[in-house]
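Chemist: All you need for my numbering is the position in the sequence shown, starting with 1, plus 68. From the three backbone atoms N, C-alpha and C, an ideal C-beta is built for every residue, glycine too.
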Amino acid sequence: MDASSVVRDDIIKIEAGNQICADCVLLEGQLETDESLLTGESEPVRKAQNDTLLSGSFAISGSCLARVEKVGAMSYVQTLAAKAKKYQKPKSELMRSINAIIKVLAIIIFPLGIATFFTTVHQLGGYAEWRQALIQTSGSMIGMIPSGMVLLTSVALTVSVIRLASKKAMVKDLYCIEMLARVNVLCLDKTGTITDGTMTVETVLCEESGLLYELMPEFISATGEKNQTARALENYFGAGGKLNFSKVVPFSSARKYSAVSFNERGTLVVGAPEFVPAAKKCMESVDEYAKQGKRVLLVAFSEKCMCGDELPDDLVQLGLLVLKDTVRPDAIETIKWFKENDVLLKVISGDNPQTVSVIAKEAGVPDAENFVSLDGMTDEEVVAASRRYTVFGRVNPEQKALLIKQFKLDGKTVAMTGDGVNDILAMKEADCAVAMGAGSQASKSVAHLVLFDSKFSSMPSVVAEGRRVVNNIQNSSSLFLMKTTMTIFTTLLMICLGREYPFEPRNLYLIEFLVIGLPSFFLALKPNKELITGRFISNTLIRTIPSGLALSLSVGIMYLYESFGLGAPANINDAQLMTLSTIAMTLSGVAALCVLCYPFNWVNLCVALGSAALVALGLTVPFARNLIGLVDVKGHALIVVIAVAVSVVVCVVGRIALELINNRKKTGHEKRTAA
Numbered sequence: 069m070d071a072s073s074v075v076r077d078d079i080i081k082i083e084a085g086n087q088i089c090a091d092c093v094l095l096e097g098q099l100e101t102d103e104s105l106l107t108g109e110s111e112p113v114r115k116a117q118n119d120t121l122l123s124g125s126f127a128i129s130g131s132c133l134a135r136v137e138k139v140g141a142m143s144y145v146q147t148l149a150a151k152a153k154k155y156q157k158p159k160s161e162l163m164r165s166i167n168a169i170i171k172v173l174a175i176i177i178f179p180l181g182i183a184t185f186f187t188t189v190h191q192l193g194g195y196a197e198w199r200q201a202l203i204q205t206s207g208s209m210i211g212m213i214p215s216g217m218v219l220l221t222s223v224a225l226t227v228s229v230i231r232l233a234s235k236k237a238m239v240k241d242l243y244c245i246e247m248l249a250r251v252n253v254l255c256l257d258k259t260g261t262i263t264d265g266t267m268t269v270e271t272v273l274c275e276e277s278g279l280l281y282e283l284m285p286e287f288i289s290a291t292g293e294k295n296q297t298a299r300a301l302e303n304y305f306g307a308g309g310k311l312n313f314s315k316v317v318p319f320s321s322a323r324k325y326s327a328v329s330f331n332e333r334g335t336l337v338v339g340a341p342e343f344v345p346a347a348k349k350c351m352e353s354v355d356e357y358a359k360q361g362k363r364v365l366l367v368a369f370s371e372k373c374m375c376g377d378e379l380p381d382d383l384v385q386l387g388l389l390v391l392k393d394t395v396r397p398d399a400i401e402t403i404k405w406f407k408e409n410d411v412l413l414k415v416i417s418g419d420n421p422q423t424v425s426v427i428a429k430e431a432g433v434p435d436a437e438n439f440v441s442l443d444g445m446t447d448e449e450v451v452a453a454s455r456r457y458t459v460f461g462r463v464n465p466e467q468k469a470l471l472i473k474q475f476k477l478d479g480k481t482v483a484m485t486g487d488g489v490n491d492i493l494a495m496k497e498a499d500c501a502v503a504m505g506a507g508s509q510a511s512k513s514v515a516h517l518v519l520f521d522s523k524f525s526s527m528p529s530v531v532a533e534g535r536r537v538v539n540n541i542q543n544s545s546s547l548f549l550m551k552t553t554m555t556i557f558t559t560l561l562m563i564c565l566g567r568e569y570p571f572e573p574r575n576l577y578l579i580e581f582l583v584i585g586l587p588s589f590f591l592a593l594k595p596n597k598e599l600i601t602g603r604f605i606s607n608t609l610i611r612t613i614p615s616g617l618a619l620s621l622s623v624g625i626m627y628l629y630e631s632f633g634l635g636a637p638a639n640i641n642d643a644q645l646m647t648l649s650t651i652a653m654t655l656s657g658v659a660a661l662c663v664l665c666y667p668f669n670w671v672n673l674c675v676a677l678g679s680a681a682l683v684a685l686g687l688t689v690p691f692a693r694n695l696i697g698l699v700d701v702k703g704h705a706l707i708v709v710i711a712v713a714v715s716v717v718v719c720v721v722g723r724i725a726l727e728l729i730n731n732r733k734k735t736g737h738e739k740r741t742a743a
């Protein structure tokens, strides 16, 4: 019968070598299945009566009768695929914050623009001056727009994508760079991430070492097996081919051993100690190694040859072979890096939890001895276990996703590495999903980031790149929003005073290009390895509000100067007032830039000095003065110095005060989270 003809409640026979085509319940017989496509673990799973057989797995030994429960789109593997196809919005605080800023400005800008227009019309003498009023209102509304911030963010992220591509990391979601940089919980899979999927021989315990080392290469050559265990033995003992053999019994999951009879030499048997009928010694060593998560094989020998598939009855133990999973050479250093950078590590695997715990401990995962099996647990029990344990074993795909979801509900930013179909639900749930290049196509299709060389050691450089770009975008965005907040404060001040907005769009050229545009570009691309702390909006406003208030205050001082002067009212016209306000605002902007660049390194210092030099040229070169609409204001330098000095004080004191308030809130939040 064709597999497509199978329907629910059919009774089907499954034998070794068959792929299971539908979700079934085992009715009669026994079966060992390979569920690596679903769980990512290559160890065979023994199935007995009433156990569930999942579509997509393979029968590797035994036979059974099973009743079909689910077919087609209802089967387990198809439901996984359907969930993987569901669209999810990018999980980016940076994107959410920028969108929130734009929405708030969109609400503010129109009422302020209308109020500014009517105030300016009234101040200029009526609607006959509507053209000039419209120009000055445009200056206000344009100044409120953080023009270039979104573009610079996209450029900075794109540059990071190019830099990561040179390190064999493909970014599929632009904003995942940011999320990986913010990660404080990293969930790892054992196979393919901590281990490389191979095994190595750690120890050989033997008394007859000469005979064992002589026959093992011949045994490996005769069996011709290419599984992980056989490759580990071949790497350790080498391959022979000198001796002739008369009989080979290949390994099977049912018998748990393999054997070779050599002409005129005898029979060598290698298998699980409890399945090889030999006079055993040192069985306490077998139990001890098993507790350490290692695999132990017994090597037995008889001078007799096999009769059929029957082993000789006088087998004696030659030795024990201790094998272990191979931890990636780069995993230990990589895990150490994450530990030093305050990233909590969780290991989630479908394998035996004790085995996973031992491997995780060897790789340096903190608290790796704290492990639990999730087999048979309810969702409530899984949620409770998520806060208590570090290593989770016997985890199914739904439980993986539930663990990730719970970590996020606990206020964590979670990254998940995976390489199999079993990982896709958890990867979809994670803030940032990382797939290995050697993994399944399904895992790569849902991942935000793919490591083509499958090197776990690439992760620190990816995180470092994310920290660089996010920290730099925060600094650069502060410059754009400084002008926005300055314009809002100044507009409100002018409306309250009943005065026209003091700037035309051309008056903002210097601060737009020389204080904000060029410096933000260089600051966005500089090296930066600082840890990301706090939220994007709060971090940005800490820098933005004091700077914007300082610039607005410098403009207000010019209006006070016009009304009261320095002891007597200043005799200045509207053009001179606009010029003084522009100069004071621009120089205050340079001072605010210097405060934002503190503490200085060579990049910050060059940016600050370069901006100051270019602004000085812009304020003194006749062509530039005419371009931005400046007139002669000789004799009024002192008030500009006073305005800039006051702005610097406000900028510094305001930033310190807001940082103290933010740090206090952050400490309170951390205490509540810990509780």
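#1: For A233, collect the residues of the same chain with a Cβ closer than 8 Å to its Cβ; drop the 5 residues on either side in sequence, then sort them by chain order.
#2: Are the segment 583-603 and the segment 540-554 touching, with three or more C-beta to C-beta distances below 8 Å?
#3: Mapping the DSSP letters down to three states, classify A743 as helix, strand or coil.
#4: Residues in the same chain with beta-carbon distance under 6 Å from A743, minus the five sequence neighbours each way, listed in chain order, please.
#5: For the beta strand (DSSP E) that M626 lies in, which residues bound it at each end?
#6: Which word fits G461, buried or exposed, when buried means at least 16 other C-beta atoms lie within 10 angstroms of its C-beta?
#7: Output needed for T779: all residues of its chain with C-beta closer than 8 Å, excluding positions within five of it in sequence on either side, in chain order.
#8: What is the C-beta distance between V451 and Q467, in whole angstroms, given that I count them as a contact (C-beta under 8 Å)?
#9: Suppose you measure from the CA of V74 to the CA of A340; what does that come to, to the nearest Å?
#10: Based on the DSSP output, what are the partners of M238 in its beta bridges?
#11: Got a sec? Which residues, its chain only, sit under 8 Å from Q296 by beta carbon, not counting five neighbours each side?
#12: Just to confirm my understanding: we take R535, look at its own chain, exclude 5 residues before and 5 after, and list those with CB closer than 8 Å. What are they?
#13: Return yes when the Cβ of A168 is within less than 8 Å of the Cβ of I605, no when it is not.
#14: Quick one: any contact between the segment 117-132 and the segment 89-105, if contact means 3 or more CB pairs under 8 Å?
#15: Among the candidates A428, A501 and L366, whose CA atom is the shortest distance from the CA of I32?
#16: Measuring CA to CA, which of E533, T553 and G309 is closest to S228?
#17: Short of 7 Å in beta carbon distance, which residues of its chain neighbour T402, apart from the five on each side in sequence? Order them along the chain.
#18: Which whole-angstrom value is the C-beta distance of V623 and T555, which I expect to be below 8 Å?
#19: How many angstroms separate the CA atom of L366 from the CA atom of V337?
#20: Judging by CA-CA distance, which residue of M445, R574, V328 and A127 is the nearest neighbour of G211?
#21: Give the list of continuous alpha helix (DSSP H) stretches no shorter than 4 residues that lie fully inside the segment 383-440.
#22: Helix, strand or coil for L442? Go by DSSP, reduced to three states.
#23: Among the residues of its own chain, which have a CB less than 6 Å from the CB of M562, if the five just before and after it don't count?
#24: On the DSSP bridge assignment, give the partners of S329 in chain order.
#25: Return the chain-ordered ranges of every beta strand (DSSP E) run that is complete within the segment 510-566 and spans a minimum of 3 residues.
#26: Ordered along the chain, which non-local residues of its own chain (more than five positions away) have a Cβ less than 8 Å from that of G207?
#27: Does DSSP put S320 in a helix, a strand or coil?
#28: Considering just the uninterrupted stretch of the beta strand (DSSP E) at M142, what are its terminal residues?
#29: Classify K512 as buried or exposed, calling it buried when 16 or more other Cβ atoms lie within 10 Å of its own Cβ.
#30: Can you tell me whether R164 is helix, strand or coil according to DSSP?
#31: Exposed or buried, I288, counting other C-beta atoms within 10 Å across all chains shown (16 or more means buried)?
#32: What are the boundary residues of the alpha helix (DSSP H) that includes F460?
#33: Shortest alpha-carbon distance to P285 belongs to which of N312, E270, T259 and I262?
#34: On the three-state DSSP scale, how would you describe D478?
Modeler: Let me lay it out:
#1: V239.
#2: Yes, since at least three Cβ pairs between the segment 583-603 and the segment 540-554 fall closer than 8 Å, the two stretches touch.
#3: Any reading at A743 must be qualified, since the residue scores a pLDDT of 49, below 50, and its modelled position is unreliable; the value itself is stated next. It is coil, neither helix nor strand.
#4: Residue confidence is low: A743 scores 49 on pLDDT, short of 50, so the model does not pin down where it sits. Its coordinate-derived value is still stated next. Leaving aside the five residues that flank A743 on each side, none in its chain has a CB nearer than 6 Å to its CB.
#5: M626 -> not in any beta strand (DSSP E); alpha helix (DSSP H) instead, spanning F604 to F632.
#6: By the 10 Å Cβ count, G461 comes out buried.
#7: In the structure as shown, the chain starts at 69 and stops at 743, and residue 779 therefore has no counterpart that could be examined.
#8: Wrong, their Cβ atoms sit about 10 Å apart, outside the cutoff.
#9: Each residue's alpha carbon lies about 38 Å from the other.
#10: Partner(s): V518.
#11: Excluding residues within five positions, the ones whose Cβ falls inside 8 Å are S110, G265, T266 and M267.
#12: Cβ within range, chain order: A249, N596, K597, E598, L599 and I600.
#13: The answer is yes: Cβ separation under 8 Å.
#14: A contact exists between the segment 117-132 and the segment 89-105.
#15: Residue coverage of the chain in this structure runs from 69 to 743, which leaves residue 32 outside it and unanswerable.
#16: Among E533, T553 and G309, the Cα nearest to that of S228 belongs to E533.
#17: Once the five neighbours on either side are set aside, the close Cβ partners of T402 are F524, S525, M527 and P528.
#18: Beta-carbon to beta-carbon, V623 and T555 are separated by about 10 Å, too far to satisfy the 8 Å threshold.
#19: Their Cα atoms are separated by approximately 8 Å.
#20: Selected option, being the one with the closest Cα: R574.
#21: Counting only runs of at least 4 residues, the segment 383-440 fully encloses the following alpha helix (DSSP H) elements, listed from N- to C-terminal order: 399-408 and 421-431.
#22: In the displayed model, L442 falls within coil according to three-state DSSP, outside both helix and strand.
#23: For M562, where only same-chain residues beyond five positions count, the Cβ hits under 6 Å are Y569.
#24: DSSP, once it has assigned bridges, lists K315 and T335 as partnering S329.
#25: List check, beta strand (DSSP E) in window: 517-519.
#26: The residues are Y569, F571, E572, P573, N575 and L576.
#27: The answer is coil: DSSP assigns S320 none of H, G, I, E or B.
#28: Looking at the DSSP string, M142 is not in any beta strand (DSSP E), and its letter there is neither H nor E.
#29: Sixteen is the threshold: when 16 or more other Cβ atoms of the shown chains lie within 10 Å of the Cβ of K512, as they do, the residue is buried.
#30: Of the three classes helix, strand and coil, the one that applies to R164 here is helix, per DSSP.
#31: Buried is the call here.
#32: No alpha helix (DSSP H) holds F460; the beta strand (DSSP E) holding it covers V459 to G461.
#33: Distances from the CA of P285 to each of N312, E270, T259 and I262 were compared; the closest alpha carbon is that of N312.
#34: Assignment of D478 by DSSP, reduced to helix, strand and coil, places it in the coil class.
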